[in-house]
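Worksheet for the structure shown next.
2 protein chains.
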Amino acid sequence: MPLQPRAVVLLSGGLDSATTLAIARSRGLECHALSFRYGQRHAVEVEAAARVARSLGVAQHLVLDIDLRRFGGSALTGGLEVPKGRSVEEMQQSIPVTYVPARNTIMLAYALAWAEVLEAQSIYIGVNALDYSGYPDCRPEYIAAFERLANLATKAGVEGRSLRIEAPLITCSKAQIIRQGLELGVDYSLTTSCYDPAPDGAACGGCDACLLRLRGFAECGVADPIRYQRLATGLNKEN
Amino acid sequence: MPLQPRAVVLLSGGLDSATTLAIARSRGLECHALSFRYGQRHAVEVEAAARVARSLGVAQHLVLDIDLRRFGGSALTGGLEVPKGRSVEEMQQSIPVTYVPARNTIMLAYALAWAEVLEAQSIYIGVNALDYSGYPDCRPEYIAAFERLANLATKAGVEGRSLRIEAPLITCSKAQIIRQGLELGVDYSLTTSCYDPAPDGAACGGCDACLLRLRGFAECGVADPIRYQRLATGLNKEN
């Protein structure tokens, strides 16, 4: 067994996963960050993940290629249009076209493989059920089912060492997440949330992810430190 | 919904997955076969999978690259020695070094993504609990836990269409699997099971997979149609 308890932390480069990593670090865990290039339309996420990993002091940061474009089926990996300017009610009504089939299951499965090799005691994932925009694999019952699976799937489980799937933000609002992160010293200028950023990395300000993020910062009374292409439009839609 | 019910079938090119595909076809399903290059030491498996897919008439065969070598931890993906000439009792005593961490979980997660895009109603996997050589992710309780997860993870589950994880061989002996496959017209000369084949594709005859396969054919009173490097040694160990 490793001397310091270890965690595998799924790190997308977004606000939620950066905060999740900071929480895992604050609990004294040696963190091994795992990111994916999953055929998304932009490499901005992976660069943000690397910046966040460095700034929060991980033991290791691994980036894996998983080509989900081979299956099709999502605006984040295929050719569909990312919706803009939707209200929170619209976001919550149905599963959006930006949903990537089984993405969290695939990412957790890889994290499980690494956790087993590292003898890690936990996997941290920044999913969120409140702002989850209708993604089925962000619900608490999904996380519980994966934890159960993980302990049946692995040597660790068979040998009686149990693995925890930790989703510390699952019931937090975006504002609560940001407040927690700021207390733990997360530098949100390093993160990115936009589904459809400009070539220079500026956030669009109108997609679901931008609107939820902007609303969260507004509720905290803190300025979002990242750059937006058309912040005014994004905020207008919210007000 | 597709006109003919669809299944995603995990196809390794081995005896069990070939039989599983034949069973899915015999149930009238349109089969979409999924194979992986997972950093295994040989490409023989993927070639066998392609031959089996062609001979059994799949709608589509997709081969994905998943580089499990990045994590280390197994004789099938790293530099450890594959054990040879073990008795079935030795195989069942512990999880062998050929165990690949979380491999079935990763493969099922990809199958789940594809099943969701295809609107497939089932995923077929050729795992086997009797001859399972101590792999934790080949047990019936593992398959049941994945099915539960799959129905929480996906749009299909949320919308009330349920997805089945079918493991039709899970309680069969190797001999029962072979008898079933022969009845369904599986050409086992197209398959490969060996963990450590020669460069020309001949099976080693001594690894756990070869020994279990040879014993299965012997119990059926049928000759195994594939080529072995040192069949005599393999059989001697069994007698």
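Chains A and B, in that order, are what the protein sequence lines are. Heads up: the first sequence begins at 1 in our numbering, then just goes up one per residue. Heads up: the second sequence begins at 240 in our numbering, then just goes up one per residue. Quick reminder that beta carbons are idealized off the backbone N, C-alpha and C, glycines included. Being a predicted model, the structure only gives us computed values, none of them experimental.
Check                                                                                                                                                                      : Outcome
To the nearest angstrom, how far is it from the Cα of B:ALA359 to the Cα of B:PRO241?                                                                                      : 8 angstroms
Name the two residues that bound the continuous alpha helix (DSSP H) containing A:ASP208.                                                                                  : 208 to 220
Measure the C-alpha to C-alpha separation of A:SER17 and A:ARG37 and round it to an integer number of angstroms.                                                           : 15 angstroms
For B:SER265 and B:ILE364, what's the separation of their Cα atoms in angstroms?                                                                                           : 15 angstroms
What are the partner residues of B:SER361, as DSSP defines its beta bridges?                                                                                               : B:ALA246, B:ARG403
Using a C-beta cutoff of 7 angstroms, does B:ASP376 count as contacting chain A?                                                                                           : yes
Quick one: is A:ASP200 buried, meaning 16 or more other Cβ sit within 10 Å of its Cβ, or exposed?                                                                          : exposed
Are the Cβ atoms of A:ALA153 and B:THR344 separated by less than 7 angstroms?                                                                                              : yes
Just to confirm, are A:LYS174 and A:LEU212 a CB contact at a threshold of 7 angstroms?                                                                                     : yes
Within the 7 angstroms Cβ cut-off, does B:GLU355 reach chain A?                                                                                                            : yes
So A:TYR188 packs on A:PRO225, CB below 8 angstroms; how close in whole Å?                                                                                                 : 6 angstroms
Going by DSSP, what residue range makes up the alpha helix (DSSP H) through A:LEU149?                                                                                      : 140 to 153
Compare the C-alpha of A:GLN180 against each of A:CYS220, A:HIS32, A:GLN4 and name the closest.                                                                            : A:CYS220
When you compare each of B:LEU301, B:HIS271, B:CYS270 to B:VAL285 by their alpha carbons, which one comes out closest?                                                     : B:LEU301
Do the CB positions of A:ILE7 and A:LEU21 come within less than 7 angstroms of each other?                                                                                 : Here residue 7 of chain A is Ala; the residue named in the question, Ile, does not match the sequence. Not in contact: A:ALA7 and A:LEU21 (Cβ atoms no closer than 7 angstroms).
Which residues mark the beginning and the end of the beta strand (DSSP E) in which A:ALA33 is found?                                                                       : 30 to 37
Would you report the Cα separation of A:ILE123 and A:LEU190, rounded to the nearest angstrom?                                                                              : 23 angstroms
If we define contact as Cβ-Cβ less than 7 angstroms, is A:THR171 a contact residue for chain B?                                                                            : no
Alpha carbons only, please: which of B:ARG387, B:ALA383, B:ALA389, B:GLN243 is nearest the one belonging to B:ALA406?                                                      : B:ALA383
Short of 7 angstroms Cβ to Cβ, which residues in the segment 379 to 397 of chain B face chain A?                                                                           : GLU380, TYR381, ALA384, PHE385, ARG387, LEU388, LEU391, ALA392, THR393, LYS394, GLY396, VAL397
Suppose the cutoff is 7 angstroms on Cβ atoms and the five residues either side in sequence are ignored; what does the same chain contact list for A:PHE146 look like?     : LEU108, ILE165
Which residues in the same chain have their Cβ closer than 6 angstroms to the Cβ of B:SER432, if we skip the five residues on either side of it in sequence?               : GLY253, LEU254, ALA448, ARG452
Within 7 angstroms of any Cβ in chain B, is that where the Cβ of A:PHE36 sits?                                                                                             : no
Compare the C-alpha of B:ALA288 against each of B:ARG308, B:VAL248, B:ALA263 and name the closest.                                                                         : B:VAL248
Tell me the rounded alpha-carbon separation between B:TYR349 and B:GLU422.                                                                                                 : 30 angstroms
On the criterion of 16 or more Cβ atoms from any shown chain inside 10 Å, does A:ARG161 qualify as buried, or is it exposed?                                               : exposed
Can you tell me whether A:GLN180 is helix, strand or coil according to DSSP?                                                                                               : helix
Terminal residues of the continuous beta strand (DSSP E) containing A:ASP137?                                                                                              : That residue, A:ASP137, is in no beta strand (DSSP E); it is neither H nor E in DSSP.
What residues of chain A sit near B:ALA352, judged by a beta carbon separation below 7 angstroms?                                                                          : LEU68, PHE71, PRO101, ALA102, ILE106
Quick check on DSSP: helix, strand or coil for B:TYR467?                                                                                                                   : strand
What does A:TYR124 touch in chain B if you count any residue whose Cβ is under 9 angstroms from its own?                                                                   : Within 9 angstroms Cβ-Cβ: nothing; A:TYR124 doesn't reach chain B, min ~17 angstroms.
Ignore the nearest five residues each way along the sequence and tell me which others in A:CYS31's own chain have a CB closer than 7 angstroms to its CB.                  : ALA7, VAL9, LEU21, ALA24, ARG25, VAL58, ALA59
May I ask you to list the residues that DSSP assigns as paired with B:LEU347?                                                                                              : None, per the DSSP bridge assignment.
Evaluate B:THR258 with the Cβ neighbour count: other Cβ atoms within 10 Å of its Cβ, from every protein chain shown; 16 or more gives buried, anything less gives exposed. : buried
Taking CB distances under 7 angstroms as the criterion, tell me whether A:ALA167 reaches chain B.                                                                          : no
Please name the residue in A:SER12, A:GLN4, A:PRO5 whose C-alpha comes closest to that of A:VAL127.                                                                        : A:SER12
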